[in-house]
Amino acid sequence: MNVREIFDTMDYGPAPEDVSQAMTWLDSHKRSFGQFINGQWTKPARSFASKNPARGEILAKISQANSKDVDKAVAAARKAQKTWSKDAKARARVLYAMARLVQKHSRLFATLETLDNGKPIRESRDIDIPLVARHFYYHAGMAQLMDDELPDRTALGVCGQIIPWNFPLLMLAWKIAPALAMGNTVVLKPAEYTSLTALLFAELAGEAGVPPGVLNIVTGDGATGEAIVKHDDIDKIAFTGSTSVGRRIRSETAGSGKKLTLELGGKSPYIVFDDADIDSAIEGLVDAIWFNQGQVCCAGSRLLVQEGIADAFYAALKARMDKLRIGDPLDKCIDVGAVVDPVQLETITNLVGESGGDIYHAATPVPETGCFYPPTLIIGLSTADKLMQEEVFGPVLVGTTFRTPAEAVELANNTRYGLAATLWTENVNLALDIAPKLAAGVVWVNATNLFDAAAGFGGVRESGFGREGGWEGLTAYTKPNATAPKLAKLAPVAAPAKADPGALDRTAKLYIGGKQARPDGGYSQAVWSPRGKLMGHAGLANRKDLRNAVEAMNSAKAWSKTTGHLRAQILYYLGENLSARADEFSIRINDMTGKRGGKAEVEASIDRLFTWAAWADKHDGAAKGVPMRGIALAMNEPVGKIAAFSSDDAPLLGLVSVIAPAMAMGNRITVMASEPYPLAATDFYQVLDTSDVPGGVVNILTGSHDELAPQAGGHMDIDAVWSFSGSDLSAVIEREAASNLKRTWVNNGKGRDWTGADASAFLAASTEVKTIWVPYGE
Amino acid sequence: MTAKTASSAETSLAHLPQIHEPRNPGTALDLDRVASIQANTSAIERRAATLPGRRSVKKDYQAAWLLRAITLIDLTTLSGDDTEGRVRRLCTKAANPVRQDLLDALGMDAITTGAVCVYHEMIPTAVSALQGTGIPVAAVSTGFPAGLSPFHLRLAEIEESVKAGAKEIDIVISRRHVLTQNWQALYDEMKAFRAACGDAHVKAILATGELGTLRNVARASWVCMMAGADFIKTSTGKESVNATLPVSLTMIRAIRAYHEATGFRVGYKPAGGISKAKDAVTYLTLIKDELGDRWLRPDLFRFGASSLLGDIERQLEHHVTGRYSAAHRHPIG
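Chains P and U, in that order, are what the protein sequence lines are.
What the first sequence shows, in the working numbering, is residues 1 to 778, in sequence order.
What the second sequence shows, in the working numbering, is residues 1001 to 1333, in sequence order.
In structure tokens, the structure reads:
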């Protein structure tokens, strides 16, 4: 078309980004890459092709790392870690240089990312790469402040990190910036579709002063990832990717003592109330589900619209969809680029093809070749339909309606996932009421897909655990300086040859839902004192008793909405009532253990209750300094329903130290009492009964830890399992926890000094940080 | 404004279907509708802020878009020191906005600006200077810019201007009606202005910089359209904040919704502060994406601008020669 014709049609013409620099870099490597280990390239071997999904052309050959390559990389990282962890302020300078490096080469990174991944150049240029730089800046600051602000914490060691293909360089930044800042070294595997920007970054990192071995990149598919996950000399695995792979990693690392964070899939709700700014809510959907072709773990893929505005909303949404421009991602005038690979295109096509409902494809031209899928809306589905539950990971939005705010919450939370949620309303009361009720790690109010290094990102439920960004993200890459004492397994006192039946029979039952309950199996075991006195019987709980305890925790869900002030009062009251019976408890402990520590243990338990009463209204959230007009609130929410295995020793203090923080933070808890010394726990029922603790908030079971550990680990309606048991439960709990990806906190055969409250560890385990983004301005 | 086919512009538009848009007759004042309108400022700002990064026109496309932008300019002088000579010079520029050698190089026929915009006293001069060009004269009116002169005089001013030959009247609304949410008063005032205009088209200047919130901008836009405005316009150019992208997005979304509700297309005129060619292209992408191509014509879109043309001329010369241009190489208006 000539100028005169364009003057009439007013069409957008082609606006291609220049890729010559990226091509020059690829050519400088003869379009063939080995592994980047210890600051050097290995020889290319076992190559596979990395393609441009928009055109199908091969960009370069990438090498498949085998277990020997991973060994080499881990060895290099291990060797480098000692020196790297020594000087936090020196690390700050390197991270700062990395941030500057990303900015200096921003267009090279952006074009290479778009070539390799297929995302529109606008997104890699204006979103991905600036967020990468921001992440390094932010964590340069964290390294600078580490000695002052985190004096009790230290690096984990070598981190194995596995990242997905949807935000290749950004996910690299999210993984390596906090790891390196805290003094860890890294072996990172990019996704096999999109290795190029990671390789470019690693090569340039030397310019920023990253020493050899600190950052190692190994490329390859799932087999390479498996070699990392199974490697004995890796201290931590961080994974972002699909829930199914996350589940496997959870099982494979079970009992290994490796720290683990998982950022997995989602089916995030996008709620529009009838008083919302409809045009803005529709524009938000463009950024929610048609951002990066919908290949975003936190994509608002499940539209929930208030019924009264639904028809008008759908009509306006379809009109907006028709305006989206899909095509060559290197064109600066394109909204939707290519999906990452033909395999992914086929998955999306099949999922939509099999779906019911009214399927609407945007009336916009779609290129005939390359991996393109049109923006799609499916309405008329209900919760039972597959696509209302399953993640598509493509530009496909499903929609349904709701009647009331309560129903919106119910529908929003009717999912196994819990990564993100979006809500639109002009009513501040409604927004601030709904946001805390949504099962999600991130909530956006009147916005969507906002990210920043200062604001934690991560999920609940089967969307994984751990946070990336903010102070909370650093706990995933540090551990306490203090070393844990050895764990001693204590056996119950055996029945004496000549039994002393004692006085009046005392048969302890289980404590479920605020009532004493006989064990379902009808079995009990005798508890003998070391002096041969029969102290009583304790029930042997089985899986059904655990099930009943979980039901009781469910019915006590109001506890999680009580105020910290109320919970403090109840915890103080527990302390007061325990104090009134201090002598009785003290004698009981001495009798059971045959020692004389009872009095001190009771006093410590009262003190522990007071400590957690004190904390109940003081674990403040934060308002994060995100670079926008608005706030990102980090709210500490209760984890939910916790099952905990008490330590063998400290029969009362070990129990109270676990119950109290869980209660203080608003959780409901079921505790398996000390296996050798269960009777301090069963005596504690009466203290609970007299202290206004609502039924079901605390449930206590007695019996075999070994028998109940797999049941607790596998129960789909428990949110977290803790183990301080002397029995070796860590592996079985973590393996079973893969079922619903519940949080686990297990002792890996290490003991615990119960004389201290260890508040920071218990606070972290008892709460989940929810980030609520509230942009404002009128 | 539908008559923009005459004279020099005729050739370039001749092969287009000539669309005669029916004037917006207005509707009854629907207060429920007005009350239901929402405008979320931060979301609107985000959309506006990312727009320039989402759309790009290059090379011949850019040149063509800039030429289109010229045809959409209300070339304006609204100064206390305006004289007949000054206005005649402006009118000559309006009829010949781009150097002939540049038009030849671009393969374009002659184009003109959309209109010339002046104060009432300058209407006769402008009308005579633009004789035969087909360029309409627009006059600001109703006690511009504050709009606080006696109501009957404001109506009389419109009538005088129409009588003097103005084809378009840019009225200013009473901001106090918006700030006190007195929608009935705003509606009645606008309706009276529209009636006084007769066949002349009326542009309602909202003075958005003085309305406080985008919600007010959206609601005032609706009320003026319900009262029969042919165009809604952001600013007088005299407020401290004039046309902005967030304000524009708010107003054109109201135009779109009004069109969906009534079937009538209302025009849009951002005014003040648009002085760069790049900004003009951004505005056109905003209109194209949010309202559609139909609005990229002078009967439905105008830039109220005085210095924009100069920057566009320099960009066009750069496009033709490959060398950056200088202001003095283009005749001033």
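The C-beta atom is built at its ideal place from N, Cα and C for all residues, glycine as well.
**OP:** Starting from the C-beta of F393 (chain P), find all residues in its chain whose C-beta is less than 6 Å away, skip the five residues before and the five after it, and write them out in chain order.
**Re:** Position 393 of the first sequence, counted from the start, is the residue given in the question as residue 393 (chain P). Taken in chain order, the residues that qualify are Q295.
Original post:
Residues in its own chain within less than 7 Å of M1001 (chain U) by CB, not counting five upstream and five downstream?
Top reply: To locate residue 1001 (chain U), count along the second sequence from 1; it is residue 1. Confidence is the limiting factor: at M1001 (chain U) the pLDDT is only 36, short of 50, which leaves the residue's position unreliable, though a coordinate-based value still follows. The residues are P1136, E1168, H1201, P1298 and D1299.
Original post:
Mapping DSSP to helix, strand and coil, what is Y1187 (chain U)?
Top reply: The residue labelled residue 1187 (chain U) in the question sits at position 187 within the second sequence. Y1187 (chain U): helix per DSSP, three-state reduction.
**OP:** Just tell me which of P:S32, P:L115 and P:T24 has its CA closest to the CA of E17 (chain P).
**Re:** For the purposes of this step, residue 17 (chain P) is taken as residue 17 along the first sequence, with counting starting at 1. Nearest C-alpha to E17 (chain P): P:L115.
**OP:** Using a Cβ-Cβ cut-off of less than 7 Å, give me the residues of the stretch 409–436 of chain P that come near chain U, in sequence order.
**Re:** E426
Original post:
Should S766 (chain P) and A662 (chain P) be called a contact, given that it needs their Cβ atoms to be closer than 7 Å?
Top reply: Here residue 766 (chain P) refers to the residue found at position 766 when the first sequence is read from its first residue. Here residue 662 (chain P) refers to the residue found at position 662 when the first sequence is read from its first residue. Yes.
Subject >> Beta-carbon proximity of V187 (chain P) to A77 (chain P), cut-off 7 Å >> reply: Taking the first sequence and counting its residues from 1, one reaches residue 187 (chain P) at position 187. Taking the first sequence and counting its residues from 1, one reaches residue 77 (chain P) at position 77. Contact flag set, yes.
**OP:** Please go through the same chain and pick out, in chain order, the residues whose beta-carbon is closer than 7 Å to the beta-carbon of H1015 (chain U), but skip the five residues on each side of it.
**Re:** The residue labelled residue 1015 (chain U) in the question sits at position 15 within the second sequence. Residue placement at H1015 (chain U) is poorly supported in this model, since its pLDDT is 41, which falls under 50; the coordinates still yield a value, given next. Answer for H1015 (chain U): no residue qualifies.
Original post:
Residues in the stretch 1103–1133 of chain U with C-beta within 7 Å of chain P's C-beta atoms, listed in sequence order?
Top reply: L1106, G1107 and M1108
Subject >> Cut-off 7 Å between Cβ atoms - residues of its own chain near E1160 (chain U), not counting five sequence neighbours on either side >> reply: Within the second sequence, residue 1160 (chain U) is the residue found at index 160, counting from 1. So the list reads H1120, once near-sequence residues are dropped.
Original post:
Would R46 (chain P) be called buried (16 or more neighbouring beta carbons within 10 Å of its own) or exposed?
Top reply: The sequence position of residue 46 (chain P) within the first sequence is 46, counting from 1. Exposed, because fewer than 16 other Cβ atoms sit within 10 Å of the Cβ of R46 (chain P).
Subject >> Proximity winner among P:V746, P:A526 and P:P480, relative to L487 (chain P) (alpha-carbon distances) >> reply: Within the first sequence, numbered from 1, the residue matching residue 487 (chain P) stands at position 487. Nearest of P:V746, P:A526 and P:P480 to L487 (chain P), Cα basis: P:V746.
Original post:
With a CB to CB cut of under 8 Å and the five nearest residues on each side skipped, what residues in its chain are close to Y360 (chain P)?
Top reply: On the first sequence, residue 360 (chain P) is found 360 positions in, with the first residue counted as 1. The answer, listed in chain order, is K318, M321, T376, L377, I378 and I379.
Original post:
If you measure from the beta carbon of V19 (chain P) to each beta carbon in chain U, is any gap under 7 Å?
Top reply: Here residue 19 (chain P) refers to the residue found at position 19 of the first sequence. So, not an interface residue.
Subject >> Segments assigned alpha helix (DSSP H), at least 4 residues, entirely inside the stretch 649–710 of chain P >> reply: 653–664 and 679–689
Subject >> heavy atom of the ligand SAM below 6 Å from A60 (chain P) C-beta >> reply: As for the ligand SAM, it is missing from this structure, which has no ligand bound.
Original post:
What residue range is occupied by the uninterrupted beta strand (DSSP E) comprising D277 (chain P)?
Top reply: Here residue 277 (chain P) refers to the residue found at position 277 of the first sequence. Unbroken run through D277 (chain P): none, as it is neither H nor E.
Subject >> 6 Å CB neighbourhood of N1216 (chain U) in its chain, flanking five on each side removed >> reply: On the second sequence, position 216 is the one that residue 1216 (chain U) refers to. Taken in chain order, the residues that qualify are V1178.
**OP:** Could you name each continuous beta strand (DSSP E) segment of 3 residues or more that falls completely within the stretch 453–538 of chain P, going from the start of the chain to the end?
**Re:** 478–480, 510–512, 515–517 and 524–528
Subject >> For D1074 (chain U), the residue or residues it bridges with in DSSP >> reply: As a first step, residue 1074 (chain U) must be located in the second sequence, where it is residue number 74. Answer is U:A1115 and U:G1304.
**OP:** Quick one: list the residues of chain P neighbouring V1057 (chain U), beta-carbon separation under 8 Å, in chain order.
**Re:** Taking the second sequence and counting its residues from 1, one reaches residue 1057 (chain U) at position 57. Residues of chain P passing the Cβ test: Y12, G13, A15 and C333.
Original post:
Would H135 (chain P) be called buried (16 or more neighbouring beta carbons within 10 Å of its own) or exposed?
Top reply: Along the first sequence, read from residue 1 onward, the residue named residue 135 (chain P) stands at position 135. Classification for H135 (chain P): buried.
Original post:
Run through DSSP, which three-state label would S1008 (chain U) get?
Top reply: As a working note, residue 1008 (chain U) is residue 8 in the second sequence. Since pLDDT at S1008 (chain U) reaches only 42, below the 50 mark, its modelled position is unreliable, and the value read off the structure follows with that caveat. Correct three-state label for S1008 (chain U): helix.
Subject >> Own chain, CB closer than 8 Å to I606 (chain P), minus 5 neighbours either side, in chain order >> reply: Taking the first sequence and counting its residues from 1, the one referred to as residue 606 (chain P) is at position 606. The residues are G575, L578, S579 and A582.
Subject >> Local conformation of N216 (chain P) per DSSP, three classes >> reply: Here residue 216 (chain P) refers to the residue found at position 216 of the first sequence. N216 (chain P): strand per DSSP, three-state reduction.
**OP:** Just the C-alpha distance for A202 (chain P) and K189 (chain P), rounded to the nearest angstrom, thanks.
**Re:** Numbered from 1 along the first sequence, position 202 holds the residue referred to as residue 202 (chain P). Numbered from 1 along the first sequence, position 189 holds the residue referred to as residue 189 (chain P). For A202 (chain P) and K189 (chain P), the distance between alpha carbons rounds to 12 Å.
Subject >> Residues bridged to M635 (chain P) (per DSSP) >> reply: Position 635 of the first sequence, counted from the start, is the residue given in the question as residue 635 (chain P). Answer by DSSP bridge pairing, in chain order: P:K770.
Original post:
In this structure, does DSSP put E1317 (chain U) in helix, strand or coil?
Top reply: Sequence index remark: in the second sequence, residue 1317 (chain U) carries index 317 (1-based). Residue state, collapsed to three classes: helix.
Original post:
What's the call for H715 (chain P), buried or exposed, on a 16-neighbour Cβ count within 10 Å?
Top reply: Position 715 of the first sequence, counted from the start, is the residue given in the question as residue 715 (chain P). Under this definition H715 (chain P) is a buried residue.
**OP:** Report the option in P:I718, P:R531, P:W612 and P:S725 whose CA atom is closest to the CA atom of M553 (chain P).
**Re:** For the purposes of this step, residue 553 (chain P) is identified with residue 553 of the first sequence, where counting begins at 1. When each option's Cα is compared against that of M553 (chain P), the closest is P:I718.
Original post:
Residues of chain P with CB under 7 Å from G1053 (chain U), in chain order?
Top reply: Here residue 1053 (chain U) corresponds to residue number 53 of the second sequence, with the count starting at 1. Ordered by position in chain P, the residues that pass the 7 Å Cβ test against G1053 (chain U) are R122 and D126.
Subject >> Pick from P:D358, P:I348 and P:P342 that is closest to A315 (chain P), judged by C-alpha positions >> reply: Position 315 of the first sequence, counted from the start, is the residue given in the question as residue 315 (chain P). Looking at the Cα atoms, P:D358 is the closest of the given residues.
**OP:** Report the neighbours of S646 (chain P) on chain B: residues whose CB is nearer than 9 Å to its CB, in chain order.
**Re:** Absence of chain B from the displayed structure is noted, the protein chains being P and U.
Original post:
Near L304 (chain P), which residues of its chain fall below 8 Å by C-beta distance, leaving aside the five closest residues on each side in sequence?
Top reply: As a first step, residue 304 (chain P) must be located in the first sequence, where it is residue number 304. Closer than 8 Å at the Cβ level, and outside the excluded window around L304 (chain P), lie P269, Y270, I271, V272, G399, T400, T401, F402, A408, L411 and A412.
Original post:
By the criterion of Cβ-Cβ separation under 7 Å, what are the contact partners of R1253 (chain U) in chain P?
Top reply: As a working note, residue 1253 (chain U) is residue 253 in the second sequence. What R1253 (chain U) touches in chain P: D279.
Original post:
Measuring CB to CB, does G1198 (chain U) end up less than 7 Å from V1172 (chain U)?
Top reply: By 1-based counting over the second sequence, the position of residue 1198 (chain U) is 198. By 1-based counting over the second sequence, the position of residue 1172 (chain U) is 172. No. Outside cutoff.
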